[in-house]
Every structure is written in C-alpha cells, then in structure tokens.
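Chains as they are written, first to last, in our numbering: chain A, 2 to 337; chain B, 3 to 443; chain C, 28 to 301.
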Amino acid sequence: MDLLNAFVTLSNFVLIPAIAYGSQLALGALGVTLIYGILRFSNFAHGDTMAFGTMVTILFTWLFQSWGLSLGPVPTALLALPFGILGCMALLLFTDRVVYKFYREQKAKPVILVIVSLGVMFIMNGLVRFIIGPDDQRFSDGERFIVSVRTFREMTGLEEGLAIKTTQGITVITAVIVVAALFWFLNRTRTGKSMRAYSDNEDLALLSGINPERVVMITWLIVAALATVAGVLYGLDKSFKPFTYFQLLLPIFASAIVGGLGSPLGAIAGGFTIAFSEVMVTYAWKKVAGYALPESLAPDGLAQLLSTDYKFAVSFVILLIVLLFRPTGLFAGKSV
Amino acid sequence: MNETLKNTALFGLVAVLIIGTGFLQSWNSALFILNFGLISAIMALGVNLQWGFAGLFNVGIMGFVALGGLATVLVSMPPTTEAWAAGGVGVIVALLMGAATIVVTALVIKRMPAGWMRTVVILVLLIGGFFIYRALFDPSVARIEAINPASTGYLGGINPGGAAWGWMTLLAWPVGGLLAAGVAWIIGKTALGLRSDYLAIATLGIAEIIIAVLKNEDWLSRGVKNVIGLPRPAPYEVELQADPAFLDRAASLGMDPVTASTIWVKLVYAGLFTVVLVILFVLAQRALHSPWGRMMRAIRDNENASEAMGKDVTARHLQVFILGSAICGIAGAMMTTLDGQLTPGTYQPLRFTFLIWVMVIVGGSGNNLGAVLGGFLIWFLWVQVEPMGLFVMQLITSGMADGAPLKTHLIESAAHMRLLTMGLVLLLVLRFSPRGLIPER
Amino acid sequence: MSDNPYKDGRGNKDASIANPKGTGTLSAHPGTGAAMNTQNAFLIGDSMTGGYGNGPDILHDCTVAVDAGEIAVIVGPNGAGKSTAMKAVFGMLNVRQGSVRLDGEDITDLSPQDRVAKGMGFVPQTSNIFTSMTVEENLEMGAFIRRDDFRDTMAQVYDLFPILKEKRRQAAGELSGGQRQQVAVGRALMTRPKVLMLDEPTAGVSPIVMDELFDRIIEVARTGIPILMVEQNARQALEIADKGYVLVQGANAFTGTGKELLADPEVRKSFLGG
C-alpha cells in the first residue's frame with residue numbers, strides 16, 4: 002500500500018484533467034444557462050458559437066505568430082483572445098439583429114426559437130468549416146508544462162509523477178477570474194441585477210423601466226465572451242475541431258440541466274459534476290488501485306468501468322438520474 | 003391558387019429537378035437522388051408524426067436511423083458460427099444479466115419505501131450487477147472478436163442463406179422499426195412527461211450513445227471496421243452484366259451494359275422504397291384524419307384542456323413517439339440496405355438529425371404531404387448544393403490567379419456551402435413562410 | 028288628464044289670462060344624480076371604452092378617478108372589469124374611447140413604462156415581485172429608472188414596512204404572502220410615484236394579514252400619495268375609502284364616498300351581502 006503515490010496518480014490522471022475539463026464545461030454551460038434565463042430558449046447553436054469564437058482567436062494567434070509576437074511561456078492565444086471575443090460578439094449581435102429579434106417581437110414560443118437556433122447552428126457550423134476547414138488545429142504554443150513529471154519526481158522523490166500542463170493551469174485560473182467577474186457583474190452591478198430581474202419576471206422588469214433590448218444585447222455580449230473563452234480553453238487543452246465543438250453541446254447541456262437551467266451557480270456545479278463523472282468512469286483505475294490496495298486485492302484488468310468512447314453515455318446517464326429524481330436540477334432553476 | 007394545383011406544382015417542381023439532373027448530369031445521379039429522397043421522405047414522415055402531430059421535439063433521429071442500420075446487419079448477414087460457439091451464449095447471458103439487474107433495481111425503487119436502506123440496496127444491486135455483467139461479458143467478447151478479426155470478428159446476423167437469401171434483407175426493415183420502437187419506448191418512458199426541452203436533450207444523448215455502441219461494440223456491428231457486402235434484395239450488377247437476356251434488352255435500348263445494370267438496380271430499389279413510402283404515407287394520412295389524429299392535435303394545441311378532458315397525454319405522447327421513431331428505424335434499415343454496408347463512422351447528427359428537421363419544417367410541419375415534399379426537396383438541395391457551390395466559387399475566383407492561396411481555399415471550402423445553405427433555407431422558410439411550403443390544414 | 032296636476036289646464040284656453048305661447052320644452056336634467064366631481068381628480072380614467080387587443084369591449088364608458096391625498100377603491104362582482112379598468116388606466120388595454128389624465132396631463136397614448144416615468148406606481152395582482160432576488164434588490168429594481176441617490180426612499184419604505192428591513196437580505200420568494208405584498212408595494216414606491224395603483228393587494232392572504240395590509244395602505248396614503256385600488260373585499264375596502272366605484276359589467280353602477288356606498292341599501296343588497 003502506498004497512499005501517497007496513489008494520490009499523486011489520481012491527481013495526475015483524474016483530478017487535474019477533470020478540474021480543467023470541468024472549468025471548460027462550466028463556462029460553456031454558463032452561456033447556455035444565461036440564454037435560457039434571459040432569452041428563454043435552449044440554444045443549439047452554442048457549440049458552434051464556441052467554435053466560431055475559437056476560430057477567430059486561432060486566426061489572430063496565427064497572425065501574431067507570423068509577426069513574431071508572443072507571450073513567452075504563455076500561449077499566444079491569450080493575446081488573441083480579446084479579438085476572438087470581439088469577433089464572436091459581432092457575430093452574435095448580428096445574428097440577434099437579423100434573426101432572433103424578429104421572433105422576439107412576434108412573441109414566438111420558445112420551441113420556435115429553438116428551431117431557429119438549429120438554423121443558426123447550421124450557418125455557424127458551415128461558416129466555421131468554410132473559413133478554417135473541418136480539420137484538427139493545434140494552436141497552443143509556449144511552455145508545455147508548469148510542472149512536468151520529471152521535475153515533480155525530482156522534487157518529491159516519489160515513484161509517480163505529476164504533470165500540470167500550462168493549458169490546464171491557464172484554464173483554471175481564467176475560469177476562476179471569468180466566473181468571479183460574471184458573478185460580481187450579476188450580483189453587484191445595476192445592469193447585472195436588471196438582467197436577473199428580467200430573467201426572473203419579464204413583465205415586472207418592463208414595469209420597472211428595464212429596457213429588454215438592452216438586457217438582451219448585454220446577454221449576447223456576455224455569452225460571446227463566455228463561449229469564446231470556453232472554446233479557446235478547450236482548444237488549448239485538447240485541440241480545435243469544429244465537429245468536436247458541435248459535440249460538446251451534449252455535455253454542456255447536460256451540465257446546465259443537471260445544475261438547473263437558468264441558474265448560473267448550477268451551471269458551474271453541473272459542469273464539474275459531469276466532468277468528474279466522465280473522467281472517473283472512463284479512467285482505468287488499475288494503477289491507483291495497485292497503490293492504494295493491498296497487493297492481494299490489486300485488480301488484474303484495467304479496472305476501467307467504461308471505455309472512453311462512452312463518455313457521452315456518462316453525461317447522459319447522470320442527466321437522466323437528475324431528471325428522474327430532481328427535475329429542476331441541483332440548484333432549482335426555472336421549472337417553466 | 004387552389005391548393006391541389008399548388009401541391010401538384012410543387013411536386014412537379016421536384017420531378018423536374020430530378021429529371022433535369024438525369025438529363026444534365028446522369029441518370030445514375032438522378033436515381034441516387036430519387037432513392038435517398040424516398041428514404042428522406044420516410045424519415046420526414048416519422049418526424050412529422052412526432053413534431054407535426056404531437057409537438058414532440060426529437061433530436062435523436064440519427065440514433066433511430068442507425069438502429070435500423072444495425073437491424074439490417076443482424077437480419078441479413080449470415081451468422082458467424084465459430085463466434086457463436088466461442089462466446090455467443092456468454093454475451094447473451096451477460097446481456098440478460100445486465101437487463102435483469104436493471105429490472106430488479108427498478109422493482110426495488112418501486113416497491114421499497116424510500117430511505118437510506120433503499121439507497122444502499124440500489125447501490126449494491128447496481129454496482130454488483132455491473133461487475134458480474136462485466137465479468138461475464140468481457141471474456142466472451144474477447145473470444146468473439148478474436149475469431150478472424152479481419153473479416154468477421156462479430157456474431158453476424160441470422161440469415162442462414164447468406165448472399166443468396168437477399169430477400170431476408172427486406173425483413174430487416176420492419177425489424178429495424180421494432181428495434182427503434184423498443185429504444186423509443188425506453189426513452190419515452192423516462193423523458194416524456196417532463197418538459198419538452200428535456201426530451202430534446204434525452205434524444206440528443208441517446209443518439210450519441212447508440213452511435214458509440216455501434217462504433218465500439220465490435221462483437222455486434224464490427225464497429226468502425228464496418229460491415230460490408232450486405233446481402234441485398236435487388237440483383238447484383240455483375241450478375242446482370244453476365245445475363246444474356248439483360249444484355250439483349252440493354253442493347254435494344256441502346257445503353258451500355260454497365261450503365262444499364264446500375265440503373266436497373268437503382269430502379270428496383272426505387273420501386274421497393276416507393277411501395278414502403280406509399281404504405282406509410284397512407285397510414286399516416288389515415289392516422290391524421292382519424293379520431294386518434296384529431297386527439298393528438300388537440301393535445302398538441304392545448305395540453306391542459308385535453309388533460310382536463312380525460313386524455314392521458316403522456317401515454318398518447320409515448321405512442322406517437324414510438325411510432326415516429328419506428329418509421330425512422332425503417333428508413334434507416336432501408337438506407338443501409340441501399341448502401342449495402344453499415345459504416346457507423348458516417349452517422350453524423352447534422353446529416354441524420356438536423357437535416358431531417360429542415361425537411362419537416364420546410365415542407366410544412368403537421369402535413370404529411372409537406373413532409374414528403376420537404377424530404378425530396380431538401381435532399382435534392384443537399385446533394386446539388388455542393389456542385390453548385392463549387393460552380394459559384396469558380397465563378398467568383400475566375401478573376402484570381404491560379405494557385406493564389408485564397409482561390410485554392412475558396413474552391414476547397416465549397417463543400418461546406420451545403421451547411422450554410424441548409425441553415426439559410428431553414429431560416430428563410432421560418433421567417434417568411436413559418437408554416438412551411440404545404441401548411442397544415 | 029295627466030298625472031302631473033300642474034300640466035292640467037282644464038280646457039282653459041283664455042288667452043287674456045294665459046299666454047298662448049306657452050312654456051318652452053327645454054328642461055334641465057343635469058348629470059347622473061351621482062356627481063363624480065372629477066374636476067379635482069389627480070388621476071382619472073375618463074369614460075373609457077375598450078377591451079384587450081381587438082377583442083370585444085369590456086369597459087363601457089367607465090370612469091374611475093382618484094383625488095389628491097385620497098384613497099379610491101374600485102369594487103364590484105366577479106368579472107365586473109375591476110382589474111380591467113385598472114389596467115386601462117395603466118395603459119395595458121386598448122382604450123378606444125375616453126381618456127386618461129394624470130395631474131391634468133393627457134397620458135392616454137403613453138405606454139405603461141412611460142406612465143411609470145410620469146409618476147404612476149403600479150402593483151400587479153400576481154407575480155408582482157422578483158422571487159429570486161433579495162428584498163433589497165427588489166427595491167433597487169423598483170428604483171431602476173432613477174439615476175439619483177435613492178437611499179432615503181429606501182429608508183422611507185423600510186420605515187413603512189419594518190419587516191422588510193429585517194428581511195432585506197432574504198430572497199423575496201421565501202417570504203410569506205403578506206410580506207410579499209409589502210415588497211411589491213415597496214417596490215412600486217421606490218420611484219417616488221405621484222399616485223399608487225394597487226390591483227387586489229389582499230388577494231389570497233389570511234384575514235389577519237389582510238387587516239395589517241389595509242393598515243399599511245392607509246399609512247402609505249397618509250404620506251400624501253393618492254391610491255387607486257381594486258378590491259375583492261368590498262366592505263373593508265369601502266371602509267377605508269374616500270371614494271368608491273362600484274362597477275357592473277364594465278360600467279359605473281354606483282359612485283360615492285365610501286360611507287355613502289356602505290350606507291346605500293342597493294349597494295348593500297347587491298354587493299355587500301345585506
């Protein structure tokens with residue numbers, strides 16, 4: 002038995018990746034939940050919004066790289082991120098003006114808006130593939146590791162190593178900053194409060210003199226920022242591929258629903274719930290168990306519950322369990 | 003303009019488009035569009051049943067279509083006897099074991115009073131059941147997949163005659179429907195009765211899971227190694243080309259034997275598909291105008307009032323959800339038959355779920371005729387936008403120097419025009435003709 | 028022979044003693060006999076006719092008004108159009124005839140939001156608070172259109188409703204029915220309205236809470252804000268009302284001071300249960 006090594010292995014393969022992935026999901030789910038709360042529909046185009054923002058960021062990253070600009074150990078993409086956000090904001094505001102606004106004025110039923118978002122999804126998906134192509138793009142540069150396996154071993158003298166990728170560190174730090182800023186905005190500023198008021202009770206918000214178009218516009222701006230940040234972090238951590246981003250829709254929706262649609266806090270909790278379950282269920286526990294259990298009990302097989310190809314199944318099963326036993330989600334969202 | 007005239011004109015337009023393709027491109031591609039158009043029309047009928055009749059938002063069509071494909075493999079392929087001997091029983095026992103675990107757990111949830119005791123029992127049952135299942139399942143699967151992995155490595159189907167019994171494939175179509183209906187029942191039981199978005203998410207998820215199963219469970223579907231050479235109900239081109247009677251006929255029509263044989267095969271399929279489409283269309287039409295159909299629409303338009311009138315809304319929704327999914331399953335089986343192979347890697351939600359939605363919305367939700375029209379029209383667009391896009395791009399870039407990076411990029415990216423176009427078509431129809439080309443009456 | 032003895036000339040047509048040109052036919056029948064005296068009205072919905080959207084008319088020549096510093100109450104049976112009249116005054120109804128005037132200014136064509144900006148405070152009957160936000164945030168949202176410092180208004184609201192100060196950090200949705208109504212009224216007061224409109228403020232609360240709410244409403248009125256209120260509990264409402272309007276089928280049936288209406292035998296018989 003060697004609990005220390007077991008814990009290090011666990012951290013290396015489960016905890017750290019899950020925290021990073023959870024942060025990315027949480028940021029994505031925050032966008033979905035904000036649109037659901039304010040505009041009152043589930044936005045199927047969210048994955049592709051993330052892809053678009055990331056694509057713009059990648060294009061700027063390439064531009065900066067060609068100029069020789071860099072941030073040293075930190076990926077150049079962070080420098081390009083604000084431009085990606087701006088690009089994404091422009092796209093979303095444009096979409097809102099030419100597409101969604103009409104249906105809002107018609108007071109269309111939410112499900113119509115969902116179908117409209119399918120159309121937007123097609124267009125954004127096509128746009129991204131048209132501009133950058135359907136292939137994998139890696140755009141991470143700079144230092145690869147904050148702590149590499151080797152330095153960790155040398156530092157601690159342990160048998161097992163622990164690596165923290167730069168992208169993972171950046172993901173967590175960025176996510177914390179973004180989430181803190183978002184909550185500060187929603188809970189402390191007049192505009193943020195007016196958004197919450199509008200989400201809570203549209204008629205009363207109108208009576209209080211809150212301008213709905215302004216609320217909607219700010220929502221799109223925030224969603225653009227969240228989606229781009231989430232997309233870029235995911236792309237840095239793994240890689241950018243339009244189809245993968247489209248597929249992220251499922252875990253992101255699952256996170257938002259598990260947490261309770263419309264509840265920002267829930268979106269974060271949901272993101273981490275889904276990420277941890279996905280990573281833990283698809284991780285081969287052999288090594289950890291080998292350290293943690295007495296030798297006689299150590300498993301022969303990989304001790305993997307499900308192959309990684311079934312990670313969608315994990316988010317789905319968790320989603321089902323939550324829906325069956327607590328339909329409003331962990332943090333009671335809008336049960337409209 | 004009167005309605006019949008307008009509808010005839012719209013279908014006439016589709017016919018002109020397809021025949022035009024025949025004259026301008028080739029009859030092979032025209033028939034390709036026709037065959038897939040027929041299948042798309044059937045899928046659209048199924049979705050229209052769910053969305054148009056009952057307002058159910060199913061975004062897992064791809065999963066049901068894929069199940070139909072799996073049914074084709076399971077019914078039409080010859081069994082791999084060695085594989086059955088090696089691990090067939092083991093796999094089946096393991097699956098039964100898994101199912102039993104779930105049933106017992108469900109019973110416990112229903113029968114036992116809530117409390118920590120129940121939670122513990124459920125956890126023990128599920129975790130224990132899972133490990134027993136894996137213990138039974140894994141070795142059998144390993145044995146099956148070890149058998150001649152290059153060509154089989156899976157259990158195969160139930161067709162004892164193999165390629166000679168091509169008609170068995172026809173049986174796969176209803177089986178595909180049944181398989182899809184079974185899965186739809188499970189999803190419907192859990193997700194219906196909750197909010198509509200939840201059905202959407204549940205179907206979205208189950209579709210991904212079905213594809214994941216097809217891709218990874220090699221013992222079942224050979225996974226990404228694909229099952230090729232499915233026995234087929236239509237004659238083989240090679241046989242036709244060797245058949246003197248057929249060669250004579252081709253010669254008398256002035257066609258070369260290869261083209262004639264491919265066209266003939268496609269025509270046979272077109273005939274089969276048309277029969278299925280007509281049967282399903284008539285059934286759907288009768289359902290729509292029956293008291294059942296009226297009740298469905300009443301429920302859709304005002305759930306609360308219908309519930310107050312004593313209609314069991316959830317049960318009716320479950321019915322229509324199962325029916326619609328079964329139709330998608332049938333269409334999926336037909337498509338795999340037409341392809342002659344099951345390739346799990348090619349199932350993509352944009353093509354198999356969202357495109358069908360575009361068909362239904364554009365054609366006219368709530369109208370079967372509209373769904374069929376949408377199926378043909380959108381499928382035609384889907385196929386033809388690519389060459390059209392390429393043409394437009396060549397036109398745009400004609401002024402640029404050859405080899406200019408922008409020109410190469412634009413021409414290479416022309417293929418992605420179809421997604422853009424589909425989105426645009428959907429948005430335009432929603433905006434300017436929200437009830438579709440042939441609106442519900 | 029007519030019933031009127033004064034009109035009986037008894038066949039006497041002697042022009043020397045009686046002017047043959049006779050008397051005029053014009054006679055004076057001014058008003059309804061129940062003068063509403065709306066010339067001083069601070070807020071008045073004057074002879075309003077209208078309904079929702081393009082639907083049938085619900086209000087027929089209906090007039091409701093409130094004078095400065097008074098409480099006016101609209102009562103009537105179910106479906107009489109009480110709340111509809113209130114909504115018409117607030118601009119949520121298609122008023123096809125008649126006008127709405129606030130402090131002498133015609134506001135008939137203004138949107139509800141603009142009326143709020145003009146100084147009308149409105150408390151809807153249902154969903155009148157932001158349930159997920161704290162009490163204090165509810166009040167802040169009430170003051171959304173104000174760009175100046177509204178802390179003293181908030182202090183005044185807290186003085187009026189001490190319980191709100193106690194629960195200011197609590198989500199408004201967690202409060203009891205009576206407390207929620209106080210939040211709702213408090214929210215409407217945050218714009219420092221020139222007139223307050225309450226749509227059935229005591230709907231669905233217990234009798235004890237109802238009494239307390241009426242007390243609070245009187246207190247609000249004492250600060251000088253005129254209040255126009257729709258009430259289901261006619262008797263209690265008329266007791267505190269300076270002016271009462273009884274509506275029947277979208278039209279004025281009786282009008283008078285609260286006391287007059289309470290004393291009117293017909294009003295008692297039809298609406299107050301004897």
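Even for Gly, the Cβ is constructed at its ideal location relative to N, Cα and C.
Residues bridged to residue i (per DSSP)
i	result
Y272 (chain C)	C:I101, C:T282
E132 (chain C)	C:L129
F241 (chain A)	A:Q138
M256 (chain C)	C:V100, C:L225
Q305 (chain A)	A:A285
G78 (chain C)	C:N121
M303 (chain C)	Residue 303 (chain C) lies beyond the stretch modelled for chain C, which goes from 28 to 301, so this question has no answer here.
L70 (chain C)	C:V93, C:L129
Host alpha helix (DSSP H) of residue i (start-end)
i	result
Q124 (chain C)	Q124 (chain C) -> not in any alpha helix (DSSP H); beta strand (DSSP E) instead, spanning 121-129.
G32 (chain A)	17-39
G401 (chain B)	Counting along the chain, G401 (chain B) falls outside any alpha helix (DSSP H), and DSSP gives it neither H nor E.
K108 (chain A)	No alpha helix (DSSP H) holds K108 (chain A); DSSP gives it neither H nor E.
Top-ranked residue by Cα proximity to residue i, from the options
i	options	result
F38 (chain B)	B:Q386, B:I160, B:A403	B:Q386
S142 (chain B)	B:W187, B:D220, B:G225, B:V278	B:D220
A202 (chain B)	A:L70, A:A285, A:L5, A:L321	A:L321
P176 (chain B)	B:W86, B:A96, B:L325, B:K191	B:L325
P1 (chain B)	B:Y271, B:L255, B:R224, B:G366	In the structure as shown, chain B starts at 3 and stops at 443, and residue 1 (chain B) therefore has no counterpart that could be examined.
A228 (chain A)	A:A21, A:D49, A:T168	A:D49
E160 (chain A)	A:T10, A:K110, A:L298	A:T10
M237 (chain C)	C:F69, C:K114, C:T250, C:Q263	C:Q263
M311 (chain B)	B:L320, B:M297, B:L26	B:M297
L205 (chain A)	C:K221, C:R178, C:Q140, C:A107	C:Q140
V278 (chain B)	B:D258, B:T399, B:M337, B:T10	B:M337
V91 (chain B)	B:M170, B:Q350, B:A46, B:L138	B:L138
R327 (chain A)	A:A164, A:R189, A:I258	A:I258
Spatial distance of residue i from residue j (CA atoms)
i	j	result
V337 (chain A)	A317 (chain B)	With a pLDDT of 35 at V337 (chain A), under the threshold of 50, the predicted position of this residue should be treated as unreliable, though the coordinate-derived value follows. Whole-angstrom Cα-Cα distance: 21 Å.
R207 (chain C)	A199 (chain C)	7 Å
P104 (chain C)	E442 (chain B)	43 Å
G62 (chain B)	D142 (chain A)	38 Å
F66 (chain B)	I156 (chain C)	46 Å
D137 (chain A)	W381 (chain B)	28 Å
G271 (chain C)	I254 (chain C)	12 Å
S435 (chain B)	I363 (chain B)	10 Å
A247 (chain B)	A166 (chain B)	20 Å
V294 (chain C)	N260 (chain C)	14 Å
F313 (chain A)	V282 (chain A)	11 Å
L383 (chain B)	A56 (chain B)	28 Å
P213 (chain A)	S43 (chain A)	19 Å
D310 (chain A)	I319 (chain A)	16 Å
P473 (chain B)	P81 (chain B)	Any property of residue 473 (chain B) remains undetermined from this structure, which presents chain B solely from 3 to 443.
F277 (chain A)	P265 (chain A)	19 Å
V184 (chain C)	W221 (chain A)	35 Å
L19 (chain B)	S254 (chain B)	28 Å
Under 7 Å from the C-beta of residue i: neighbouring residues of chain B
i	result
D310 (chain A)	A214, K217, N218
A314 (chain A)	I211, A214
Closer than 9 Å at the beta carbon, the chain A residues around residue i
i	result
P139 (chain C)	L207, L208
A144 (chain C)	G210
Element boundaries [beta strand (DSSP E), containing residue i]
i	result
F283 (chain B)	Here F283 (chain B) belongs to no beta strand (DSSP E); instead the alpha helix (DSSP H) covers 259-291.
M51 (chain A)	Run containing M51 (chain A): none in the beta strand (DSSP E); it sits in the alpha helix (DSSP H), 47-68.
A92 (chain C)	86-94
I211 (chain A)	Looking at the DSSP string, I211 (chain A) is not in any beta strand (DSSP E), and its letter there is neither H nor E.
V148 (chain A)	146-148
Residues that residue i contacts on chain A, provided the C-beta gap is smaller than 8 Å
i	result
I172 (chain C)	S209, G210
Contact set between residue i and chain A, taken where Cβ atoms lie within less than 7 Å
i	result
H291 (chain B)	Ordered by position in chain A, no residue passes the 7 Å Cβ test against H291 (chain B), which lies about 25 Å from the chain.
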